[in-house]
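The letter at position 297 of the sequence shown is residue 296 when you use numbering that gives the first Met the number 0, and the numbering goes up by one with no holes. Don't be surprised by glycine CBs; every beta carbon is placed ideally from N, CA and C. Encoded as C-alpha cells, the structure appears first; notes follow it.
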Amino acid sequence: MLKQQPNQTELHAWDKNHVWHAFTQMAEYEPLLIERGEGVYLFDTEGNRYIDGSSSMWCNVHGHRHPRLDAAITNQLAKVAHTTNLGLSNPTTVRLAQRLADITPNGLEKVFFSSDGSSATEAALKIAFQYWHQSEREGANPSAQPTSHRTKFVALGESYHGDTLGAIGVGGVDRFTSIFSPLTFKAIRVPTPGMTPTLSPTADGGPRTDPSSRRTTAAEALAYLEQLFRNEGNDIAALIMEPLIQAAGGILVHPPGFLKAVRALTRRYDILLILDEIAVGFGRTGTMFACQQEDVSPDILCLGKGLTAGYLPMAATITTEKIWESFLGCHKDGRAFYHGHTFGGNPLAAAVALESLNIFQEEQLLDYLPERIAQLQRYVKKIAELPHVGDTRQCGLVAGIDLVANKQTGDAYPWEDAMGTRVCLAARQHGALLRQLGDTVVIMPPLCIRSSELADLLHAAESAIREITDVAVSVPSGNLLA
Ligand SMILES: *Cc1c(COP(=O)(O)O)cnc(C)c1O
Numbered sequence: 000m001l002k003q004q005p006n007q008t009e010l011h012a013w014d015k016n017h018v019w020h021a022f023t024q025m026a027e028y029e030p031l032l033i034e035r036g037e038g039v040y041l042f043d044t045e046g047n048r049y050i051d052g053s054s055s056m057w058c059n060v061h062g063h064r065h066p067r068l069d070a071a072i073t074n075q076l077a078k079v080a081h082t083t084n085l086g087l088s089n090p091t092t093v094r095l096a097q098r099l100a101d102i103t104p105n106g107l108e109k110v111f112f113s114s115d116g117s118s119a120t121e122a123a124l125k126i127a128f129q130y131w132h133q134s135e136r137e138g139a140n141p142s143a144q145p146t147s148h149r150t151k152f153v154a155l156g157e158s159y160h161g162d163t164l165g166a167i168g169v170g171g172v173d174r175f176t177s178i179f180s181p182l183t184f185k186a187i188r189v190p191t192p193g194m195t196p197t198l199s200p201t202a203d204g205g206p207r208t209d210p211s212s213r214r215t216t217a218a219e220a221l222a223y224l225e226q227l228f229r230n231e232g233n234d235i236a237a238l239i240m241e242p243l244i245q246a247a248g249g250i251l252v253h254p255p256g257f258l259k260a261v262r263a264l265t266r267r268y269d270i271l272l273i274l275d276e277i278a279v280g281f282g283r284t285g286t287m288f289a290c291q292q293e294d295v296s297p298d299i300l301c302l303g304k305g306l307t308a309g310y311l312p313m314a315a316t317i318t319t320e321k322i323w324e325s326f327l328g329c330h331k332d333g334r335a336f337y338h339g340h341t342f343g344g345n346p347l348a349a350a351v352a353l354e355s356l357n358i359f360q361e362e363q364l365l366d367y368l369p370e371r372i373a374q375l376q377r378y379v380k381k382i383a384e385l386p387h388v389g390d391t392r393q394c395g396l397v398a399g400i401d402l403v404a405n406k407q408t409g410d411a412y413p414w415e416d417a418m419g420t421r422v423c424l425a426a427r428q429h430g431a432l433l434r435q436l437g438d439t440v441v442i443m444p445p446l447c448i449r450s451s452e453l454a455d456l457l458h459a460a461e462s463a464i465r466e467i468t469d470v471a472v473s474v475p476s477g478n479l480l481a
C-alpha cells in the first residue's frame, strides 16, 4: 500500500530531524518549506507568498518557472540527462562552452566545467599553480619534484571563494573559516579598500591593525599590494578576487578604478589574476560580467550561481590560450589537468544555461536594468536614514544595509542579538525572503524583478528593520528567534 503523503507537521519534523541546513544553527532552526515558485515569488507549503529577495542565494536571474528555461530542460531531458565529460562530450555542453568563450572578456577561451562555485575556484587555484609549474620547467623530467617557486596566492581581506578547503584557504571571512585554519594553506591577505583592516590576528601573515583604526583607502591597498609584489612577486602564482563587490564579506563595494589598478599591477609583476564572478556575474552589477565595467580581462574567470539562471548546479573556470597551452604535451609529459567532477558539464545544466543566455540577448535584459538599479539606489538612500541603519552599499542590483546599535558612533549590535537574522525573519511577515550577512541585510533580487515588485521588496525590508530595531530595547531576542 502506498504511504499517505506526509502532512505539514510531519514534514516540519523531518526537516528539523534529518536535514542539516547550510550556514544554519540547527538548534534554533524553524522550518520553512518552499513548495513552488513563479516569477520573483516563492510559495510555502501553507500557501504564503514571498518575494525572493536573495534570488534563492544569489543565483536566480529570470525568475522561477520561466517557461523557456523549463522547456530547455525538458527538451534536453528527452535526449539525455547526463553523460560524463571525462574524455567525451555532448552537443549542448559544447555549444555552451563556445557561447561562454564568446561573451566573456577577450582572451578567455577555454572552459573547464564543474558543478558548484567552490569547485570552480579550487580548479582555478590548481590551474594557476600547475601553469607556473609547467611554464618554469620546460623540458624537465615530468616526474621530477615541482620546480616552480610560485606557491603563494594573494587574496583580499573579507573575500569569499567557497567552502572547500582550498577555497577557504584563500577566503578571508574569518568567522566562517578560522576554525579550519590548521587544515588550509594560507593565502597572503591584502587589505580591502574601504574597510577597516581587521584581518585575522592568527591565521595569516597579512597586515594586522588595531580594529578601531580608520578605513583603508584604495591607494593604500594598492600601495600595499605593490610592495608585496615587489618583495615576493616571484613566489606568487596568482591573486584571486571578487571584482566590484565582495559579496559574502558583507556586500563590500570597491571604489571605481580599483579593479583596473589591480589588473595593471598583476600585469606589471607577471602574476595571474583570477576573478571570481560567481556572485557578480550574469548581470548582477548591471553588465554581463562585473569586470567589463573596468575593461578588465582576467587570466582565469570563475562563474557559477547565475550561470544556469539559478536552475541547476553548474560552474565554470575559464582561462586563456596561454594557460591552456602550458598543459599540452604527449601523454608521457603528464601535463593534463588531473582534476574533475562527476557532473561537470552536465547537459541539463548546460541546456538551461544556454537558454538563459538567449533570454539575456533576446529580451535585452541588461538594457532595462539601469532603471531598476536607480530605483534600488533611491530606496536604499531612504532606508539609510532610519535611526538604526549605518552604512549602506549598493552596486548594480545588489545592496547591503548595515544595522547598527548607534547611528552616531556606528557601534554594532552585540553579536548574540542576531539583529540581521531577526530582521530577515520579520521580513517574512511582510512577504519577503531575505538573507542576512551578520548584521547586514542583503537585497539581491532576480534581475527580472518589476518596478512594483522591487518597491514591495524594499518596503518589506524597511518595515522589518523599523519593527525589529524599534522593539529591540524592550523584547528579549529569544522570543523572536524561537
Ligand atoms: C557562492 C560563492 C562561491 C561558492 O559557490 P558555491 O556554489 O556555493 O560553492 C564562490 N565565490 C563567490 C564569490 C560566491 O559568492
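Residue i, enclosing alpha helix (DSSP H) - first and last residue
i, result
"Y367", "L364 to I382"
"V169", "L164 to V169"
"G36", "Per DSSP, G36 belongs to no alpha helix (DSSP H); it is in the beta strand (DSSP E), I33 to E37."
"C520", "Any question about residue 520 goes unanswered here, given that the chain covers just 0 to 481."
"I250", "I250 -> no alpha helix (DSSP H), and no H or E assigned at all."
"S118", "G116 to S134"
"F228", "A217 to E231"
"F359", "P346 to E361"
"A411", "Careful: A411 lies outside any alpha helix (DSSP H) and carries neither H nor E."
"L10", "Q7 to H17"
Residue burial classification, residue i (beta-carbon count within 10 angstroms, cutoff 16)
i, result
"R64", "exposed"
"F184", "exposed"
"G541", "Residue coverage of the chain in this structure runs from 0 to 481, which leaves residue 541 outside it and unanswerable."
"P5", "exposed"
"S177", "exposed"
"T265", "buried"
"L76", "exposed"
"Q245", "buried"
"V18", "exposed"
"Y310", "buried"
"T341", "exposed"
"Y337", "exposed"
"Q133", "buried"
"F22", "exposed"
"D438", "buried"
"N16", "exposed"
"T201", "In this predicted model, T201 has a pLDDT of only 35, less than 50, meaning its place in the structure is not dependable enough to derive any value."
"C329", "exposed"
"P413", "exposed"
"V295", "buried"
"K380", "exposed"
"Q129", "buried"
"W13", "exposed"
"C301", "buried"
"G205", "Because G205 sits at a pLDDT of 43, beneath the cut-off of 50, its placement in the model cannot be relied upon, and the following sentence gives the value as read from the coordinates. Answer is buried; the Cβ neighbour count reaches 16."
"A70", "exposed"
"N84", "buried"
"Y28", "exposed"
"V252", "buried"
"N405", "exposed"
"P181", "exposed"
Host beta strand (DSSP E) of residue i (start-end)
i, result
"D401", "V397 to L402"
"G256", "Note, G256: premise wrong, no beta strand (DSSP E); not H, not E."
"D390", "V388 to C394"
"Q435", "R434 to L436"
"T439", "T439 to I442"
"V153", "K151 to L155"
"M240", "I235 to M240"
"F111", "L107 to S113"
Nearest-angstrom Cβ-Cβ length linking residue i and residue j, presumed shorter than 8 Å
i, j, result
"S193", "P254", "Residue identity check: residue 193 is Gly in the sequence provided, not Ser. G193 to P254, Cβ: 6 Å. Contact."
"Y40", "R427", "About 13 Å; that fails the 8 Å criterion."
"A220", "A186", "Wrong, their Cβ atoms sit about 15 Å apart, outside the cutoff."
"C423", "L433", "4 Å"
"A314", "S118", "6 Å"
"A460", "I448", "Going by Cβ atoms, the distance from A460 to I448 rounds to 13 Å, so no, they are not a contact pair."
"L446", "G282", "5 Å"
Min CB distance residue i to chain D below 8 Å
i, result
"P66", "Structure shown: chain D not included; a single protein chain is present."
Practice prompt. Return the chain-ordered ranges of every beta strand (DSSP E) run that is complete within the region 259-338 and spans a minimum of 3 residues.
Written response: List check, beta strand (DSSP E) in window: 271-275, 299-302 and 314-319.
Worksheet item: Just the residues with CB closer than 5 Å to a heavy atom of ligand 1, in chain order, which are they?
Response: Cβ atoms closer than 5 Å to ligand 1 belong to D115, G116, S117, H160, G161, E241, A246, D275, I277, A278 and G303.
Worksheet item: At what residue ranges does the region 44-94 contain a whole run of the alpha helix (DSSP H), taking only runs of 4 or more?
Response: List check, alpha helix (DSSP H) in window: 54-57 and 66-76.
Item to complete: Within the region 168-195, note down every full beta strand (DSSP E) run reaching 3 residues or more, in order along the chain.
Response: Runs of beta strand (DSSP E) with 3 or more residues, each lying fully within the region 168-195, are found at 187-189, listed in chain order.
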